[in-house]
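Here this note's numbering is used: the first residue of the sequence shown is 215, the next is one more, and so on. Here the structure comes first, spelled out in structure tokens, and everything after it is commentary.
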Amino acid sequence: MPVPPSNAAPAVVTAPSSGTLPPVPLTEPADGVPPVVDTPQALADVVARLAAGTGPVAVDAERASGYRYGQAAYLVQLRRAGAGTVLIDPVPLPDLGSLAAVINPAEWVLHAADQDLPCLRELGLTPATLFDTELASRLLGRERVGLAAVVAENLGYELAKEHSAADWSTRPLPESWLRYAALDVELLLELRAVLTGQLQAAGKLAWAEQEFEHVRTAAPNPPRIDPWRRTSGLQAVRSTRGLAVARELWVAREELGQELDRSPGRVLPAGAIVAAALALPRTEGQLVRLREFAGRGTRKRAAYWQAAINRALELPESELPPKRAAREPGQLPAPRAWGEKNPDAAARLEVVRTCVRTVAAAHDLPQENLLAPATQRHLAWETPARPTTDDVADRLTELGARQWQLELVAGPLAEAITAV
Numbered sequence: 215m216p217v218p219p220s221n222a223a224p225a226v227v228t229a230p231s232s233g234t235l236p237p238v239p240l241t242e243p244a245d246g247v248p249p250v251v252d253t254p255q256a257l258a259d260v261v262a263r264l265a266a267g268t269g270p271v272a273v274d275a276e277r278a279s280g281y282r283y284g285q286a287a288y289l290v291q292l293r294r295a296g297a298g299t300v301l302i303d304p305v306p307l308p309d310l311g312s313l314a315a316v317i318n319p320a321e322w323v324l325h326a327a328d329q330d331l332p333c334l335r336e337l338g339l340t341p342a343t344l345f346d347t348e349l350a351s352r353l354l355g356r357e358r359v360g361l362a363a364v365v366a367e368n369l370g371y372e373l374a375k376e377h378s379a380a381d382w383s384t385r386p387l388p389e390s391w392l393r394y395a396a397l398d399v400e401l402l403l404e405l406r407a408v409l410t411g412q413l414q415a416a417g418k419l420a421w422a423e424q425e426f427e428h429v430r431t432a433a434p435n436p437p438r439i440d441p442w443r444r445t446s447g448l449q450a451v452r453s454t455r456g457l458a459v460a461r462e463l464w465v466a467r468e469e470l471g472q473e474l475d476r477s478p479g480r481v482l483p484a485g486a487i488v489a490a491a492l493a494l495p496r497t498e499g500q501l502v503r504l505r506e507f508a509g510r511g512t513r514k515r516a517a518y519w520q521a522a523i524n525r526a527l528e529l530p531e532s533e534l535p536p537k538r539a540a541r542e543p544g545q546l547p548a549p550r551a552w553g554e555k556n557p558d559a560a561a562r563l564e565v566v567r568t569c570v571r572t573v574a575a576a577h578d579l580p581q582e583n584l585l586a587p588a589t590q591r592h593l594a595w596e597t598p599a600r601p602t603t604d605d606v607a608d609r610l611t612e613l614g615a616r617q618w619q620l621e622l623v624a625g626p627l628a629e630a631i632t633a634v
């Protein structure tokens with residue numbers, strides 16, 4: 215039988231065995247759909263409830279990716295034993311300090327925590343400790359690690375995911391969306407209990423705890439050099455003048471998107487940037503004759519886009535962007551070029567990858583969770599020809615590997631690299 219959701223502290227539960235009946239659809243939260251908290255008084259009430267609850271806090275957040283500029287949270291879902299489920303609208307509640315005082319010292323349970331922690335951090339919400347149900351599932355060797363799949367496999371319930379890509383900045387939020395949001399935290403505490411037991415049985419709980427802490431304390435990614443070069447389809451633009459047009463349009467799109475609080479892709483599609491960079495239109499008339507600029511929204515702002523294009527067209531040759539992107543700090547050449555640039559490193563990379571795959575398979579781990587592909591490349595590029603286990607461990611530590619990873623791979627990698 216599936217494990218029923220409960221407000222009580224979750225017990226350790228055994229996952230359904232293979233060959234059981236299909237998952238039972240979970241269509242309603244056990245306590246119904248809670249009202250959205252959007253006033254200071256309602257916030258004070260739910261903070262008191264959460265403070266009176268016990269144990270970890272299940273946490274999720276909904277963003278408006280693809281609709282609004284940035285990655286802000288537009289709904290925060292919480293659930294705690296003894297407190298039930300809470301849905302908080304952070305837009306009218308800019309000060310969540312009282313909530314942070316209650317939940318920040320607690321352990322949080324999230325699924326794919328690295329996706330939600332940044333937007334929660336912007337609200338002043340950050341956990342003292344963390345349990346990531348997706349990462350736990352990866353370490354257990356599961357092939358399907360989406361929340362719906364993990365819940366179905368371990369608890370026997372089927373979660374619907376029909377609103378995962380919705381515009382969560384919509385107000386008021388439809389009842390069906392709120393039901394979906396509440397169900398996303400309905401079973402996280404029970405899921406944590408099941409996965410903890412499985413990690414313990416597999417001897418992987420300490421590994422998971424190190425990984426959770428790594429995710430919790432991870433620094434934000436540094437700003438990219440020339441982020442405009444990531445425009446989809448830009449590889450079709452060969453001229454430096456065209457690249458300058460793409461750059462100016464990308465910057466103009468970012469500025470307008472931020473001003474309008476709209477996703478840049480909705481302000482101007484990437485295909486329009488590439489089309490203008492190829493055509494190099496010199497007048498608004500030429501611009502709007504491009505199919506990608508023929509829509510009502512882009513035509514309305516044709517003067518704005520043409521002004522950006524003109525800035526690029528008027529640049530002196532010395533200020534045009536180079537055809538090749540500048541290398542990001544610490545970025546290595548593409549592995550396909552190693553044979554020419556660093557043949558010894560190319561040979562080491564093959565044995566590093568083989569060694570990591572072998573060790574990962576022996577421990578029922580995805581190889582990328584045992585040692586990230588970027589870490590493997592950096593190790594192969596810079597490691598001496600005959601390293602000791604300590605040499606490899608020291609280098610992996612510099613690259614951010616955790617202790618459990620060092621214990622599994624440092625020795626085998628030192629041996630494999632020495633044999634090259």
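Virtual Cβ for every residue (Gly too), placed ideally from N, Cα, C.
Minimum C-alpha distance to residue i - residue among the options
i	options	result
Asp-604	Val-623, His-592, Arg-591	Val-623
Val-364	Leu-324, Arg-393, Asp-381	Leu-324
Val-261	Pro-236, Asp-245, Gln-291	Gln-291
Val-399	Thr-410, Ala-362, Gly-411	Ala-362
Ala-586	Val-570, Gln-520, Pro-601	Val-570
Pro-543	Arg-444, Asp-259, Arg-438	Arg-438
Asp-389	Gln-581, Leu-579, Glu-242, Arg-600	The amino acid at residue 389 is misidentified as Asp; the sequence shows Glu. For the residues Gln-581, Leu-579, Glu-242, Arg-600, the minimum Cα distance to Glu-389 belongs to Glu-242.
Pro-626	Pro-580, Asp-608, Val-573	Val-573
Asn-318	Leu-339, Pro-304, Leu-307	Leu-339
Ser-547	Glu-321, Ala-588, Gln-329, Ala-517	This sequence places Pro at residue 547; Ser is not what is there. Comparing Cα positions, the closest option is Ala-588.
Lys-182	Gln-617, Gly-411, Gln-449	Because the chain in this structure spans residues 215 to 634, residue 182 falls outside the shown range and cannot be described.
His-428	Ala-266, Asn-583, Trp-442, Val-459	Asn-583
Ala-415	Thr-384, Ala-395, Ala-350, Arg-455	Ala-350
Val-316	Ala-395, Ala-265, Ala-516	Ala-265
Thr-454	Gly-511, Leu-494, Pro-535, Asn-368	Pro-535
Asn-556	Ala-599, Ala-517, Glu-531	Ala-599
Leu-310	Pro-254, Ala-407, Phe-345	Pro-254
Ala-157	Leu-470, Glu-469, Arg-476, Leu-463	Residue 157 lies beyond the stretch modelled for the chain, which goes from 215 to 634, so this question has no answer here.
Ala-258	Leu-240, Thr-611, Ala-314	Ala-314
His-577	Pro-601, Gly-355, Arg-480	Gly-355
Lys-375	Ala-420, Gly-360, Thr-384	Gly-360
Glu-348	Val-481, Gly-509, Leu-405, Phe-507	Leu-405
Same chain, Cβ closer than 7 Å to residue i, five either side skipped, listed in chain order
i	result
Val-238	Pro-216, Gly-370, Tyr-371, Glu-372
Arg-562	Ala-594, Thr-597, Ile-631, Val-634
Ala-560	Trp-552, Gly-553
Ala-366	Pro-237, Glu-372
Ala-286	Arg-277, Cys-333, Glu-336
Ser-446	Ala-484
Pro-549	Leu-563, Arg-591
Trp-382	Glu-276, Arg-277, Ala-278, Tyr-288, Leu-289
Gly-456	Ala-491, Leu-492, Leu-494
Leu-579	Leu-353, Gly-355
Ala-223	Only weak support exists for where Ala-223 lies, its pLDDT of 47 falling under 50; the value from the coordinates is given anyway. Counting only Cβ-Cβ distances below 7 Å, and skipping sequence neighbours, we find Thr-268, Gly-269, Ala-295.
Limits of the alpha helix (DSSP H) - the one that residue i falls within
i	result
Asp-259	254–266
Thr-445	From DSSP, Thr-445 is part of no alpha helix (DSSP H); its letter is neither H nor E.
Ala-607	603–612
Tyr-281	From DSSP, Tyr-281 is part of no alpha helix (DSSP H); its letter is neither H nor E.
Thr-632	617–632
Leu-492	484–493
Ser-453	No alpha helix (DSSP H) holds Ser-453; DSSP gives it neither H nor E.
Arg-476	Per DSSP, Arg-476 belongs to no alpha helix (DSSP H) and is neither H nor E.
Leu-313	311–317
Beta bridge counterpart(s) of residue i as assigned by DSSP
i	result
Trp-464	Per DSSP, none; premise fails for Trp-464.
Trp-322	Val-271, Leu-344
Ile-302	Val-251, Val-290
Ala-295	Thr-268
Arg-335	BP columns for Arg-335 are empty, so no partner.
Val-429	None, per the DSSP bridge assignment.
Val-481	None, per the DSSP bridge assignment.
Pro-236	Answer by DSSP bridge pairing: none, since Pro-236 is not bridged.
Neighbourhood of residue i by C-beta distance below 6 Å, restricted to the same chain and skipping five residues each side
i	result
Thr-228	Here the model assigns Thr-228 a pLDDT of 42, short of 50, so the residue's position is not dependable, and the following value carries that caveat. Hits under 6 Å: none found.
Ala-272	Arg-293, Val-323, Val-399, Leu-402, Leu-403
Val-250	Leu-301, Asp-303
Ala-225	Low per-residue confidence applies at Ala-225: pLDDT is 42, beneath 50, and the placement is therefore not dependable, though the value from the model is reported in the following sentence. Answer for Ala-225: no residue qualifies.
Asp-440	Ala-539
Ser-231	Confidence at Ser-231 is low in this model, with a pLDDT of 43, below 50, so its placement is unreliable and the value that follows should be read with caution. Closer than 6 Å at the Cβ level, and outside the excluded window around Ser-231, lies no residue.
Leu-529	Ala-458
Contact test: residue i Cβ vs the ligand HEM heavy atom, cutoff 7 Å
i	result
Ser-312	With respect to the ligand HEM, the structure offers nothing, as it holds no ligand at all.
Test: residue i CB closer than 8 Å to a CB of chain B
i	result
Asp-605	In the displayed structure, chain B is absent; only one protein chain is listed.
Contacts around residue i, its chain only, beta-carbon distance under 8 Å, and the 5 residues preceding and following it disregarded
i	result
Glu-612	none
Tyr-283	Gly-471, Gln-472, Leu-474, Asp-475, Arg-476, Ser-477, Pro-478
Problem - Ranges of the alpha helix (DSSP H) found wholly within the region 354–426, counting only runs of at least 4 - result: With a minimum length of 4 residues, the continuous alpha helix (DSSP H) runs that stay inside the region 354–426 are 361–369, 389–400, 402–415.
Exercise for the section: Give, in chain order, every unbroken run of the alpha helix (DSSP H) that is at least 4 residues long and sits entirely within the region 503–586. Expected result: Those alpha helix (DSSP H) runs which fall completely within the region 503–586 and span 4+ residues are 510–514, 516–527, 552–555, 557–576, 581–584.
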